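Participant:
In the working numbering, the protein residues as written are 27 to 276.
(1) Curious, which full-length beta strand (DSSP E) runs of at least 3 residues does the stretch 40 to 98 contain?
(2) Just the Cα atoms here: how many angstroms apart are residue 30 and residue 257?
(3) Roughly how many angstroms lie between the CA atoms of residue 178 and residue 161, to the nearest whole one?
(4) Less than 7 Å separating the beta-carbons of residue 53 and residue 124?
(5) Output the distance between the C-alpha atoms of residue 249 and residue 241, rounded to the nearest integer angstrom.
(6) Look at the alpha carbon of residue 261 and the alpha carbon of residue 205, and state the distance between them as a whole number of angstroms.
(7) Give the DSSP bridge partners of residue 122, in chain order.
(8) Alpha carbon to alpha carbon, what distance is there between residue 130 and residue 96?
(9) Spell out the partners DSSP gives residue 183 in its beta bridges.
(10) Can you tell which of 171, 82, 33, 37 has the C-alpha that lies nearest to the C-alpha of residue 267?
(11) Would the stretch 103 to 121 and the stretch 179 to 192 be scored as touching if the rule is three or more Cβ pairs under 8 Å?
(12) Using 8 Å as the threshold, is the stretch 72 to 92 in touch with the stretch 133 to 148, meaning 3 or more CB pairs across them?
(13) Quick check: what's the CA-CA separation for residue 48 versus residue 121?
(14) Does the stretch 150 to 170 come close enough to the stretch 209 to 216 to have 3 or more Cβ pairs within less than 8 Å?
(15) Below 8 Å on the Cβ atoms is my guess for residue 151 versus residue 202; work out the distance and round it to an integer in Å.
(16) Any idea what DSSP makes of residue 105, helix, strand or coil?
(17) Ignore the nearest five residues each way along the sequence and tell me which others in residue 223's own chain have a CB closer than 7 Å to its CB.
(18) Going by other Cβ atoms of all chains shown within 10 Å of its Cβ, with 16 needed for buried, is residue 272 buried or exposed?
(19) Quick one: grab the DSSP three-state call for residue 209.
(20) Excluding sequence positions up to five away, which residues of its chain have a Cβ less than 8 Å from the Cβ of residue 43?
(21) Applying the criterion that 16 or more other CB atoms from any shown protein chain within 10 Å of the CB defines a buried residue, is residue 238 buried or exposed?
(22) Quick one: measure Cβ to Cβ for residue 72 and residue 37, integer angstroms, because I've assumed they're closer than 8 Å.
(23) Could you give the distance in angstroms between the alpha-carbon of residue 74 and the alpha-carbon of residue 55?
(24) Alpha carbon to alpha carbon, how far is residue 32 from residue 264?
(25) What do you reckon, are the CB atoms on residue 27 and residue 98 nearer than 7 Å?
(26) Pick helix, strand or coil for residue 199, following the three-state DSSP scheme.
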(Lines of atoms letter the chains of each structure in order from A; the text may use other names.)
(Lines give C-alpha, C1' and ligand atoms only; values in the text may rest on other atoms or scores of the structure.)
Protein backbone atom coordinates (compact mmCIF):
# COMPACT_ATOMS: atom_id res chain seq x y z
CA UNK A 27 0.00 0.00 0.00
CA UNK A 28 1.25 3.48 -0.88
CA UNK A 29 2.31 5.55 2.11
CA UNK A 30 0.58 8.88 2.68
CA UNK A 31 2.36 12.00 1.41
CA UNK A 32 1.43 15.42 2.81
CA UNK A 33 1.93 18.13 0.19
CA UNK A 34 2.59 21.54 1.77
CA UNK A 35 1.46 24.60 -0.22
CA UNK A 36 1.36 28.25 0.92
CA UNK A 37 -0.97 30.50 -1.09
CA UNK A 38 -1.24 34.23 -1.58
CA UNK A 39 -2.95 36.05 -4.47
CA UNK A 40 -2.29 33.12 -6.76
CA UNK A 41 -5.62 32.67 -8.53
CA UNK A 42 -3.95 32.81 -11.94
CA UNK A 43 -1.61 29.93 -11.17
CA UNK A 44 -2.89 27.68 -8.39
CA UNK A 45 -5.38 25.75 -10.57
CA UNK A 46 -2.42 24.54 -12.65
CA UNK A 47 -0.57 23.60 -9.44
CA UNK A 48 -3.49 21.65 -8.00
CA UNK A 49 -4.21 19.92 -11.32
CA UNK A 50 -0.59 18.75 -11.44
CA UNK A 51 -1.15 17.07 -8.06
CA UNK A 52 -4.46 15.55 -9.14
CA UNK A 53 -2.66 14.11 -12.18
CA UNK A 54 -0.02 12.29 -10.13
CA UNK A 55 0.21 8.57 -10.76
CA UNK A 56 0.91 8.25 -7.02
CA UNK A 57 -2.51 8.79 -5.49
CA UNK A 58 -2.17 8.45 -1.70
CA UNK A 59 -1.63 12.09 -0.82
CA UNK A 60 -3.18 14.99 1.02
CA UNK A 61 -2.63 18.54 -0.20
CA UNK A 62 -2.66 21.06 2.64
CA UNK A 63 -2.95 24.64 1.45
CA UNK A 64 -2.73 27.62 3.80
CA UNK A 65 -3.92 30.93 2.37
CA UNK A 66 -2.13 34.02 3.69
CA UNK A 67 -5.02 36.50 3.38
CA UNK A 68 -5.29 36.61 -0.40
CA UNK A 69 -7.10 39.63 -1.85
CA UNK A 70 -8.05 37.99 -5.13
CA UNK A 71 -10.37 34.99 -5.63
CA UNK A 72 -7.85 32.37 -4.47
CA UNK A 73 -10.13 31.33 -1.60
CA UNK A 74 -13.04 30.67 -3.96
CA UNK A 75 -10.83 28.45 -6.10
CA UNK A 76 -9.56 26.53 -3.07
CA UNK A 77 -13.10 26.02 -1.77
CA UNK A 78 -14.20 24.55 -5.09
CA UNK A 79 -11.26 22.15 -5.27
CA UNK A 80 -11.67 21.04 -1.65
CA UNK A 81 -15.34 20.26 -2.29
CA UNK A 82 -14.51 18.18 -5.35
CA UNK A 83 -11.68 16.16 -3.72
CA UNK A 84 -11.43 15.62 0.03
CA UNK A 85 -7.68 15.08 -0.22
CA UNK A 86 -7.37 18.84 -0.79
CA UNK A 87 -7.62 20.78 2.48
CA UNK A 88 -7.22 24.49 2.96
CA UNK A 89 -6.93 26.87 5.89
CA UNK A 90 -6.86 30.66 6.17
CA UNK A 91 -4.47 32.79 8.20
CA UNK A 92 -6.04 35.58 10.21
CA UNK A 93 -3.43 38.05 8.94
CA UNK A 94 -0.65 38.12 6.36
CA UNK A 95 2.24 36.30 8.05
CA UNK A 96 4.40 35.08 5.16
CA UNK A 97 5.05 31.78 3.43
CA UNK A 98 7.22 30.32 6.21
CA UNK A 99 4.41 30.68 8.74
CA UNK A 100 1.92 29.26 6.23
CA UNK A 101 4.11 26.26 5.44
CA UNK A 102 4.74 25.57 9.12
CA UNK A 103 1.03 25.76 9.87
CA UNK A 104 0.34 23.33 7.04
CA UNK A 105 2.93 20.97 8.50
CA UNK A 106 1.12 21.15 11.84
CA UNK A 107 -1.96 19.68 10.12
CA UNK A 108 -0.02 17.09 8.12
CA UNK A 109 -0.63 13.38 8.76
CA UNK A 110 1.59 11.92 6.06
CA UNK A 111 4.44 9.47 6.38
CA UNK A 112 6.27 11.85 4.06
CA UNK A 113 6.16 15.64 3.71
CA UNK A 114 6.65 17.21 0.27
CA UNK A 115 6.61 20.85 -0.80
CA UNK A 116 4.96 22.56 -3.76
CA UNK A 117 4.47 26.31 -4.06
CA UNK A 118 1.26 27.73 -5.46
CA UNK A 119 2.74 28.81 -8.80
CA UNK A 120 4.84 25.70 -9.54
CA UNK A 121 3.83 22.27 -10.79
CA UNK A 122 4.86 18.64 -11.06
CA UNK A 123 4.95 16.18 -13.91
CA UNK A 124 2.72 13.12 -13.35
CA UNK A 125 5.48 10.73 -12.20
CA UNK A 126 7.11 13.07 -9.67
CA UNK A 127 5.72 11.62 -6.44
CA UNK A 128 5.91 8.02 -7.65
CA UNK A 129 9.56 8.43 -8.67
CA UNK A 130 10.56 10.20 -5.46
CA UNK A 131 8.72 8.06 -2.92
CA UNK A 132 9.73 4.83 -4.66
CA UNK A 133 13.35 6.00 -4.48
CA UNK A 134 13.01 6.80 -0.77
CA UNK A 135 11.34 3.49 0.02
CA UNK A 136 13.94 1.53 -1.94
CA UNK A 137 17.05 3.30 -0.62
CA UNK A 138 15.90 4.32 2.86
CA UNK A 139 16.80 7.96 2.14
CA UNK A 140 15.12 10.23 4.68
CA UNK A 141 15.49 13.50 2.76
CA UNK A 142 15.47 13.79 -1.03
CA UNK A 143 15.30 16.36 -3.81
CA UNK A 144 15.46 16.40 -7.60
CA UNK A 145 16.36 18.32 -10.74
CA UNK A 146 13.80 20.77 -12.12
CA UNK A 147 13.02 22.89 -15.14
CA UNK A 148 12.89 26.68 -14.91
CA UNK A 149 9.95 28.12 -16.85
CA UNK A 150 8.93 31.69 -17.69
CA UNK A 151 5.68 32.44 -15.90
CA UNK A 152 4.37 34.68 -18.69
CA UNK A 153 5.26 32.64 -21.77
CA UNK A 154 5.39 29.06 -20.37
CA UNK A 155 8.70 28.65 -22.18
CA UNK A 156 11.51 26.71 -20.55
CA UNK A 157 14.40 29.04 -19.71
CA UNK A 158 16.86 26.50 -18.32
CA UNK A 159 17.09 23.58 -15.95
CA UNK A 160 18.66 23.12 -12.54
CA UNK A 161 20.79 20.02 -12.16
CA UNK A 162 21.64 19.33 -8.53
CA UNK A 163 24.48 17.24 -7.06
CA UNK A 164 23.65 13.60 -6.30
CA UNK A 165 24.33 13.93 -2.55
CA UNK A 166 24.38 16.93 -0.22
CA UNK A 167 25.58 17.28 3.38
CA UNK A 168 25.11 20.01 5.96
CA UNK A 169 28.50 21.51 5.10
CA UNK A 170 27.57 21.52 1.41
CA UNK A 171 24.33 23.35 2.14
CA UNK A 172 26.08 25.99 4.25
CA UNK A 173 27.80 27.07 1.02
CA UNK A 174 24.65 27.36 -1.08
CA UNK A 175 21.25 25.88 -1.85
CA UNK A 176 20.96 23.67 -4.93
CA UNK A 177 17.69 22.16 -3.63
CA UNK A 178 14.51 23.45 -5.22
CA UNK A 179 11.69 23.55 -2.66
CA UNK A 180 9.24 22.08 -5.19
CA UNK A 181 11.38 18.92 -5.41
CA UNK A 182 12.06 18.30 -1.72
CA UNK A 183 10.51 15.70 0.57
CA UNK A 184 11.44 14.26 3.94
CA UNK A 185 10.38 11.24 5.96
CA UNK A 186 8.18 12.54 8.75
CA UNK A 187 7.94 9.10 10.37
CA UNK A 188 11.71 8.97 10.79
CA UNK A 189 12.55 12.62 11.45
CA UNK A 190 9.38 14.04 13.01
CA UNK A 191 8.05 17.46 12.08
CA UNK A 192 10.89 19.81 11.19
CA UNK A 193 9.92 23.42 10.61
CA UNK A 194 11.16 26.36 8.58
CA UNK A 195 12.70 29.48 10.17
CA UNK A 196 10.22 32.34 10.14
CA UNK A 197 11.91 34.61 7.61
CA UNK A 198 10.37 36.05 4.44
CA UNK A 199 12.79 34.33 2.05
CA UNK A 200 15.33 31.53 2.26
CA UNK A 201 13.21 29.63 4.75
CA UNK A 202 13.30 26.45 2.66
CA UNK A 203 17.10 26.47 2.71
CA UNK A 204 16.90 26.98 6.49
CA UNK A 205 14.82 23.81 6.72
CA UNK A 206 17.31 21.83 4.63
CA UNK A 207 20.05 22.93 7.05
CA UNK A 208 17.93 21.83 10.01
CA UNK A 209 17.29 18.42 8.42
CA UNK A 210 20.98 17.77 7.70
CA UNK A 211 22.53 19.42 10.77
CA UNK A 212 22.71 16.18 12.75
CA UNK A 213 24.34 14.17 10.00
CA UNK A 214 21.43 13.21 7.72
CA UNK A 215 22.47 13.35 4.06
CA UNK A 216 20.17 14.53 1.28
CA UNK A 217 19.98 12.40 -1.88
CA UNK A 218 18.78 13.19 -5.39
CA UNK A 219 16.05 11.03 -6.86
CA UNK A 220 16.31 10.28 -10.62
CA UNK A 221 14.68 12.26 -13.41
CA UNK A 222 13.47 15.83 -13.81
CA UNK A 223 9.84 15.94 -12.75
CA UNK A 224 9.15 19.51 -11.58
CA UNK A 225 8.49 22.91 -13.18
CA UNK A 226 9.65 26.05 -11.36
CA UNK A 227 7.98 29.19 -12.70
CA UNK A 228 9.78 32.53 -12.44
CA UNK A 229 8.71 36.12 -13.03
CA UNK A 230 10.07 39.61 -12.47
CA UNK A 231 7.94 40.24 -9.38
CA UNK A 232 8.68 37.01 -7.54
CA UNK A 233 9.96 37.33 -3.97
CA UNK A 234 13.05 35.33 -4.83
CA UNK A 235 14.07 38.04 -7.32
CA UNK A 236 14.55 40.60 -4.51
CA UNK A 237 18.27 40.03 -4.00
CA UNK A 238 18.92 42.42 -1.10
CA UNK A 239 16.16 41.08 1.14
CA UNK A 240 17.14 37.53 0.34
CA UNK A 241 20.77 38.26 1.25
CA UNK A 242 19.74 39.70 4.62
CA UNK A 243 17.58 36.68 5.36
CA UNK A 244 20.43 34.33 4.48
CA UNK A 245 22.66 36.19 6.94
CA UNK A 246 19.97 35.95 9.64
CA UNK A 247 19.75 32.18 9.13
CA UNK A 248 23.51 31.81 9.55
CA UNK A 249 23.45 33.87 12.74
CA UNK A 250 20.12 32.97 14.36
CA UNK A 251 19.40 29.42 13.20
CA UNK A 252 22.88 27.96 12.70
CA UNK A 253 24.42 29.99 15.55
CA UNK A 254 27.53 30.88 13.57
CA UNK A 255 29.67 33.75 14.81
CA UNK A 256 29.63 36.94 12.80
CA UNK A 257 32.89 36.21 11.00
CA UNK A 258 31.81 32.71 9.94
CA UNK A 259 28.42 34.09 8.94
CA UNK A 260 30.01 36.75 6.73
CA UNK A 261 32.38 34.21 5.19
CA UNK A 262 29.58 31.76 4.33
CA UNK A 263 27.44 34.63 3.06
CA UNK A 264 30.28 35.53 0.68
CA UNK A 265 30.59 31.91 -0.46
CA UNK A 266 26.81 31.61 -0.81
CA UNK A 267 26.65 34.80 -2.89
CA UNK A 268 29.36 33.49 -5.23
CA UNK A 269 27.37 30.29 -5.60
CA UNK A 270 24.22 32.20 -6.56
CA UNK A 271 26.10 34.32 -9.11
CA UNK A 272 27.84 31.29 -10.61
CA UNK A 273 24.67 29.25 -10.98
CA UNK A 274 22.55 32.19 -12.13
CA UNK A 275 19.79 31.40 -9.62
CA UNK A 276 16.90 33.81 -9.91
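The beta carbon of each residue, even a glycine, is placed where N, CA and C say it ideally should be.
Because the structure is a prediction, the values reported are computed rather than measured.
Facilitator: Answer, in terms of the structure:
(1) Counting only runs of 3 or more, we get 59 to 65, 86 to 90.
(2) As a working mapping, residue 30 is identified with position 4 in the chain shown. As a working mapping, residue 257 is identified with position 231 in the chain shown. Each residue's Cα considered, the two are about 43 Å apart.
(3) Counting from 1 along the chain shown, the entry for residue 178 is found at position 152. Counting from 1 along the chain shown, the entry for residue 161 is found at position 135. Taking the straight line joining both Cα atoms gives about 10 Å.
(4) Locating residue 53 in the chain shown gives position 27, counting from the first residue. Locating residue 124 in the chain shown gives position 98, counting from the first residue. The beta carbons of residue 53 and residue 124 sit closer together than 7 Å.
(5) As a working mapping, residue 249 is identified with position 223 in the chain shown. As a working mapping, residue 241 is identified with position 215 in the chain shown. The alpha-carbon atoms of residue 249 and residue 241 are separated by roughly 13 Å.
(6) Looking up residue 261 in the chain shown gives position 235. Looking up residue 205 in the chain shown gives position 179. If I take the Cα positions, the gap works out to 20 Å.
(7) As a working mapping, residue 122 is identified with position 96 in the chain shown. DSSP lists 224 as partners of residue 122.
(8) Counting from one through the chain shown, the residue named residue 96 turns up at place 70. Counting from one through the chain shown, the residue named residue 130 turns up at place 104. Computed Cα separation, rounded: 28 Å.
(9) The residue labelled residue 183 in the question sits at position 157 within the chain shown. DSSP lists 114, 142 as partners of residue 183.
(10) For the purposes of this step, residue 267 is taken as the residue at position 241 of the chain shown. When 171, 82, 33, 37 are compared, the shortest CA-CA separation from residue 267 is found for 171.
(11) Enough Cβ pairs lie closer than 8 Å, so yes.
(12) No contact exists between the stretch 72 to 92 and the stretch 133 to 148.
(13) Within the chain shown, residue 48 is the residue found at index 22, counting from 1. Within the chain shown, residue 121 is the residue found at index 95, counting from 1. Each residue's alpha carbon lies about 8 Å from the other.
(14) Yes, since at least three Cβ pairs between the stretch 150 to 170 and the stretch 209 to 216 fall closer than 8 Å, the two stretches touch.
(15) On the chain shown, position 125 is the one that residue 151 refers to. On the chain shown, position 176 is the one that residue 202 refers to. The Cβ separation is near 19 Å, so there is no contact.
(16) Here residue 105 is taken as the residue at index 79 of the chain shown, counted from 1. Taken through DSSP and simplified to helix, strand or coil, residue 105 comes out as helix.
(17) As a position in the chain shown, residue 223 is number 197, starting the count at 1. The beta carbon of residue 223 is closer than 7 Å to those of 122, 123, 125, 126, 129, 144 in its chain, skipping five residues each way along the sequence.
(18) As a first step, residue 272 must be located in the chain shown, where it is residue number 246. By the neighbour-count rule (16 or more Cβ atoms within 10 Å), residue 272 is not buried but exposed.
(19) Start at 1 with the first residue of the chain shown, and residue 209 comes out as number 183. Look at residue 209 here: in three-state DSSP terms it is helix.
(20) As a working note, residue 43 is residue 17 in the chain shown. Correct list, in chain order: 118, 119, 151, 227.
(21) The sequence position of residue 238 within the chain shown is 212, counting from 1. The residue in question, residue 238, is exposed, as its Cβ has fewer than 16 Cβ neighbours within 10 Å.
(22) Start at 1 with the first residue of the chain shown, and residue 72 comes out as number 46. Start at 1 with the first residue of the chain shown, and residue 37 comes out as number 11. Distance from residue 72 to residue 37 at the Cβ level is roughly 6 Å; contact confirmed, criterion being Cβ atoms closer than 8 Å.
(23) Translated into positions along the chain shown, residue 74 becomes position 48. Translated into positions along the chain shown, residue 55 becomes position 29. About 27 Å.
(24) If you number the chain shown from 1, residue 32 lands on position 6. If you number the chain shown from 1, residue 264 lands on position 238. A direct Cα-Cα distance of roughly 35 Å separates residue 32 from residue 264.
(25) To locate residue 27, count along the chain shown from 1; it is residue 1. To locate residue 98, count along the chain shown from 1; it is residue 72. Note that the C-beta distance between residue 27 and residue 98 is not below 7 Å.
(26) Within the chain shown, numbered from 1, the residue matching residue 199 stands at position 173. Three-state DSSP puts residue 199 in coil, outside helix and strand.
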